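Here is the structure we will look at, set down as structure tokens.
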Amino acid sequence: MQINPFNQPPPELGNQYDEDRVLRSYLKRILPAEVLAQVEPSLRRMGKLAGSELYAMQLADRLNEPILTQWDAWGNRIDHIEVSPLWKRAERLAAEFGLVGAGYERVYGRFDRIYQFALAYLFHPSTDVYTCPLAMTDGAVRTLLLSGNQALIDRAVPHLTSRDPAQFWTSGQWMTEFTGGSDVGTTETVAKQDDDGTWRLYGRKWFASNPISQVALTLGRPEGNGPGGRGLALFYLELKDEAGAWQNIRVDRLKDKLGTRKVPTAELMLEGTPAIPVMGLENGVRNIIPMLHMTRAWNSIAAVAFMRRGLALARDYARKRAAFGTTLAHKPLHLDTMAWLQAEFEGAFLLTFYLVELLGRLEKGELSPEQTDLFRLLTSIVKLQTGRQGMTVASEAVELFGGAGVVEDTGLPLLLRDSQILPIWEGTTNVLSLDVLRAISKDESLEALKEKTARSVGAARESGLVQMGGVAKTAVSAAETWLKQALGDGRPALEAGARRFAMTLGRALTLALMIEQAQWSLEVEHDGRSLAAARRFAQSGINLIAEMDRKEASALANDEPIAL
């Protein structure tokens with residue numbers, strides 16, 4: 168007797184541009200018709216690659232991780248880092264599609280950035296986080312252009328923005344040392360100047376991502392400078408000389424990380440590495456901020472792209488997976504869970520691309536001072552919110568596959584591990600929440616956020632959207648009221664509630680943006696799906712402000728008794 172065992176068909180991906188309603192609807196609303204017509208063919212090509220060749224390569228490439236070979240057969244120190252075949256393919260495609268260059272080519276004006284980040288959004292989930300070096304490269308370009316250092320601009324920017332794979336360079340961003348990640352003011356790297364004027368760096372970089380780059384921006388303290396971030400200088404260095412030899416850089420090891428394992432991250436020793444000051448010999452932390460703004464924007468795009476990938480795979484699987492008499496796609500609880508995740512994704516998408524809109528307008532000189540403040544504030548809010556959302560959606564998406572979700576060769580655990588890194592890179596949620604407080608204390612960004620929320624909500628005409636607009640505005644008002652009270656209560660109260668404050672502002676603005684998109688979609692596309700997403704998002708908690716007892720928090724955190 169022949170037995171034909173059941174085998175579950177795996178989830179599959181189609182063209183990731185054509186199948187992404189949210190992306191296509193947004194671009195139709197934001198881009199002029201002539202711009203959309205010009206960029207859509209390349210977006211469709213990237214969507215096809217992401218759902219076919221690159222995704223297949225990613226699954227086949229699962230076990231290939233970076234390998235560090237420190238010595239050759241004859242005892243020579245070589246510190247060669249070999250990356251995966253997918254990363255090599257991704258590097259070439261990144262150059263050819265202009266994943267960095269498109270942001271600087273001035274073809275579509277303030278829409279350049281929207282086009283660039285739409286490409287990155289499609290590219291990211293199928294390329295094992297090759298967007299990490301691209302983020303740092305984009306940040307390096309922006310930092311160098313703003314520095315006014317023409318010699319470095321002429322030397323590096325043409326390579327960093329090139330569409331020729333043979334000429335394309337990437338950049339590293341080396342800040343973290345043993346003394347701490349976010350507290351970069353404690354950097355121990357020392358900069359010394361030779362008699363011939365050459366600056367050389369001496370120190371240990373504990374978490375140096377992309378050590379296969381051609382260049383890096385890093386921090387060092389010139390001899391004689393004072394402590395803290397003000398005493399640091401921002402330096403540009405090239406990792407290897409023209410013969411391909413390391414320039415006094417020793418690679419001690421590669422990090423064994425929970426996620427983003429395909430991204431080589433090294434512990435490096437700088438042993439007299441030649442470097443060039445980018446913007447003088449002080450205020451290095453302040454001078455590297457443009458790079459952090461860019462990498463946080465890329466981090467947000469990565470989070471949104473991972474959310475979309477998890478949902479795409481889960482949606483296809485639900486149509487195929489039969490259980491208890493029908494497919495998962497017809498099970499009410501499964502549908503309810505998917506609807507919640509889709510709403511979180513749509514909100515995160517719109518919030519992230521609004522940040523991208525502001526970036527494009529900032530670079531074209533179209534933002535008022537208040538809107539510029541808002542851009543700076545949102546780099547923190549968007550990154551912290553999407554990082555948390557991305558982790559939640561990835562975890563839920565993997566769970567929707569049941570046992571298959573934790574089987575490594577399905578490729579699904581990779582989604583969860585890599586998503587876990589995003590709330591940590593470029594500032595943890597708590598660190599960014601404190602950044603939000605600092606920004607608001609110095610500028611008019613909170614007022615600008617209130618005004619943007621009101622404008623987006625003001626687009627609502629459908630009765631349900633109008634009601635949701637009230638929820639968004641009420642949440643912002645509650646956050647503002649809390650801020651005034653916390654300022655009166657002192658710094659501990661302010662810090663303790665910073666996370667809930669930042670998340671409330673982020674979710675309120677997100678809901679407002681969803682309302683704006685939904686009203687447009689009702690009128691132009693005659694489609695109620697964006698309305699349904701906004702309604703679901705509004706029901707998932709917008710105002711997170713709550714009174715918390717700090718003494719109880721301290722007792723619980725430290726597991727200490729509470730006197731009755």
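So in this note's numbering, the last spot in the sequence shown is 731, and the numbers never skip. Built from N, CA and C at the ideal position, the CB exists for glycine as well. Just so you know, these numbers come straight off a predicted model, no measurement behind them.
Asked, Found
"Is it true that the CB of Tyr-484 sits closer than 8 Å to the CB of Phe-542?", "no"
"Please report how far the alpha carbon of Met-446 lies from the alpha carbon of Glu-629, in whole angstroms.", "52 Å"
"Since Ala-433 and Pro-378 are thought to touch, with beta carbons under 8 Å apart, how far apart are those beta carbons, to the nearest angstrom?", "4 Å"
"Using 8 Å as the Cβ pair cut-off and three pairs as the minimum, do the stretch 406-421 and the stretch 362-381 touch?", "yes"
"Going by C-alpha to C-alpha distance, which of Thr-337, Thr-494, Glu-390, Tyr-521 sits closest to Ala-261?", "Thr-337"
"Beta carbon of Leu-384, beta carbon of Gln-340: below 8 Å?", "yes"
"Could I get the ranges of all uninterrupted beta strand (DSSP E) runs contained in the stretch 406-466, with 3 residues as the minimum, in chain order?", "416-421, 432-444"
"Would the beta-carbon of Arg-211 fall within 8 Å of that of Tyr-184?", "yes"
"Going by DSSP, what residues sit across from Lys-359 in a beta bridge?", "Arg-367"
"Note down, in chain order, each residue of its chain lying with its Cβ closer than 8 Å to the Cβ of Ser-251, except the 5 sequence neighbours on either side.", "Asp-228, Asn-231, Glu-232, Pro-233, Asp-295, Lys-429"
"What residue from Asp-656, Lys-651, Val-638, Ala-665 has the CA that sits closest to Leu-601's CA?", "Ala-665"
"When you compare the stretch 204-218 with the stretch 396-403, are there three or more beta-carbon pairs, one atom per stretch, that lie closer than 8 Å?", "no"
"Would you say the stretch 628-642 touches the stretch 573-588, given that touching needs at least three Cβ pairs under 8 Å?", "no"
"Report buried or exposed for Val-573, applying the criterion of at least 16 other Cβ atoms within 10 angstroms of its Cβ.", "exposed"
"Just the C-alpha distance for Thr-519 and Met-436, rounded to the nearest angstrom, thanks.", "36 Å"
"For Asn-597, which of Leu-404, Leu-266, Ala-663 has the nearest alpha-carbon?", "Ala-663"
"Using 8 Å as the cut-off, can you tell me whether the stretch 664-681 makes contact with the stretch 546-557, which would need three or more C-beta pairs spanning the two stretches below that distance?", "yes"
"Please classify Pro-292: is it buried, with 16 or more other beta-carbons within 10 angstroms of its beta-carbon, or exposed?", "buried"
"For Val-324 and Arg-273, I'd like the C-alpha separation in whole angstroms.", "15 Å"
"In terms of residues, what are the limits of the alpha helix (DSSP H) holding Gly-320?", "Reading off the sequence, residue 320 comes out as Ile, not Gly. From DSSP, the alpha helix (DSSP H) with Ile-320 extends over 317-327."
"Could you give the uninterrupted runs of the alpha helix (DSSP H) lying entirely in the stretch 631-707, keeping only those of 4 residues or more?", "658-663, 665-687, 696-705"
"Residues in its own chain within less than 6 Å of Leu-480 by CB, not counting five upstream and five downstream?", "Pro-178"
"Check whether the Cβ atoms of Gln-414 and Pro-389 sit closer than 8 Å, and answer yes or no.", "no"
"Helix or strand or just coil, what does DSSP make of Leu-384?", "strand"
"Over the uninterrupted alpha helix (DSSP H) stretch that includes Ser-528, give me the two end residues.", "Residue identity check: residue 528 is Arg in the sequence provided, not Ser. 499-530 is the extent of the alpha helix (DSSP H) around Arg-528."
"Excluding the 5 residues preceding and the 5 following Val-452 in the sequence, name in chain order all residues of the same chain whose CB lies nearer than 8 Å to its CB.", "Val-351, Gly-352, Leu-386, Gly-396, Arg-397, Leu-399"
"When DSSP builds the beta bridges, which residues end up paired with Arg-259?", "For Arg-259, which the question treats as bridged, DSSP gives no partner whatsoever."
"Roughly how many angstroms separate the alpha carbons of Glu-355 and Gln-237, rounded to a whole number?", "25 Å"
"Which same chain residues end up closer than 7 Å to Ala-685 when comparing Cβ atoms and leaving out the 5 residues on each side of it in sequence?", "Leu-632, Ser-697, Leu-698, Ala-701"
"List the endpoints of the continuous beta strand (DSSP E) containing Asp-246.", "244-249"
"Suppose the cutoff is 8 Å on Cβ atoms and the five residues either side in sequence are ignored; what does the same chain contact list for Asp-361 look like?", "Arg-367"
"Throw me the rounded Cβ distance for the Ala-510 and Ser-707 pair, which I believe falls under 8 Å.", "7 Å"
"List the residues that DSSP assigns as beta-bridge partners of Gln-340.", "Leu-384"
"Output the distance between the C-alpha atoms of Leu-604 and Asn-392, rounded to the nearest integer angstrom.", "29 Å"
"By DSSP, does Ser-376 sit in helix, in strand, or in coil?", "strand"
"Look up Thr-494 in the DSSP assignment and give the residues it is bridged to.", "Ala-489"
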